[in-house]
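For the sequence shown, the numbering used here gives the first residue as 1, with consecutive numbering after it. Written out below as structure tokens is the structure these notes cover.
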Amino acid sequence: MLVLLDRDGVLNEDRSDFVKTPEELVFIPGALEAIASLNSHGHKVAVVTNQSCIGRGIITPDTLSNIHEKLFSALAQVGGRVDQLFFAPDAPWKATENRKPGAGMFFSAMQMFRETPQNTVLIGDSKTDLQAAAKAKCHRILVQTGKGRKTQKQGIDPDLLPVSIAKDLSQAVDYILEGRFS
Ligand SMILES: [Mg+2]
Numbered sequence: 001m002l003v004l005l006d007r008d009g010v011l012n013e014d015r016s017d018f019v020k021t022p023e024e025l026v027f028i029p030g031a032l033e034a035i036a037s038l039n040s041h042g043h044k045v046a047v048v049t050n051q052s053c054i055g056r057g058i059i060t061p062d063t064l065s066n067i068h069e070k071l072f073s074a075l076a077q078v079g080g081r082v083d084q085l086f087f088a089p090d091a092p093w094k095a096t097e098n099r100k101p102g103a104g105m106f107f108s109a110m111q112m113f114r115e116t117p118q119n120t121v122l123i124g125d126s127k128t129d130l131q132a133a134a135k136a137k138c139h140r141i142l143v144q145t146g147k148g149r150k151t152q153k154q155g156i157d158p159d160l161l162p163v164s165i166a167k168d169l170s171q172a173v174d175y176i177l178e179g180r181f182s
């Protein structure tokens, strides 16, 4: 399958003031190992992340690259990798279809890996992740890390269902490996 991962709140702790430095990228326990597990089972992994901190002028693209270098090297240490990382730098007031809830990054990823929506699953913690995935018609797993519990508590719109709920990325990956998701 093609597994599309949101970043903040899924791989690393969400921060309301944005991850602005590599030091502020704090991994959620088990997340890196879960990605390595997807890799070793032959699944393709891509990150699809909104990074409006660029469009807002809070950090530069170079800083974002440095933050992602930390992710890639930490992953390498556990034998994992992401096959591609997509980010939407758009500020909310100048959003393109790439910024979630737009599905632009999802379509780019499916095109790049030549995967169908039926063979693609999103793992995210926000309503906008679910909305983008629903637009792209791919499977959806909500994790309870990051904003996930809040998203679940607010109630999931019927048009976004079905959504599988997992404790964290580790459990979401178990669902994928066992084929236990809607
Ligand atoms: Mg998130």
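Where is the CB? At the ideal position from N, CA and C, for every residue including glycine. Computed from a predicted structure; not experimentally measured.
Grouping DSSP H, G and I as helix and E and B as strand, with all else coil, what is residue i?
i: Asp62; result: helix
i: Gly55; result: helix
i: Phe181; result: coil
i: Ser164; result: strand
i: Lys153; result: helix
i: Leu19; result: With the sequence shown as reference, residue 19 is identified as Val, and Leu is not the correct amino acid for it. Coil.
i: Leu4; result: strand
i: Lys44; result: strand
In whole angstroms, what is the alpha-carbon distance linking residue i and residue j?
i: Pro92; j: Pro117; result: 26 Å
i: Arg7; j: Glu178; result: 23 Å
i: Phe106; j: Arg149; result: 24 Å
i: Phe18; j: Thr120; result: 28 Å
i: Asp174; j: Ala166; result: 9 Å
i: Pro29; j: Thr96; result: 33 Å
i: Gly42; j: Asp157; result: 32 Å
i: Pro89; j: Met1; result: 26 Å
i: Ala172; j: Val78; result: 18 Å
i: Met110; j: Asn39; result: 17 Å
i: Val143; j: Ser65; result: 25 Å
i: Lys20; j: Ile59; result: 6 Å
i: His68; j: Ser108; result: 19 Å
i: Phe87; j: Lys70; result: 16 Å
i: Ser170; j: Asp62; result: 30 Å
i: Ala136; j: Phe72; result: 27 Å
i: Thr145; j: Asp125; result: 7 Å
i: Ile185; j: Phe181; result: Here the chain covers residues 1 to 182 and nothing more, so residue 185 does not appear.
i: Arg186; j: Leu85; result: No statement about residue 186 is possible, as the shown extent of the chain runs from 1 to 182 and does not include it.
Regarding residue i and ligand 2, is the C-beta to nearest heavy atom distance less than 6 Å?
i: Ser164; result: In terms of ligand content, the structure shown lacks ligand 2 and carries ligand 1 instead.
**Q.** Shell residues, 7 Å Cβ cut-off relative to heavy atoms of ligand 1
**A.** Asp6, Arg7, Asp8, Gly9, Val10, Asp14, Gly124, Asp125, Ser126, Asp129, Gly146, Lys147
- Query: Where are the beta strand (DSSP E) runs, 3 residues long or more, that stay fully inside the segment 78–142, in chain order?
  - Reply: 84–88, 120–124
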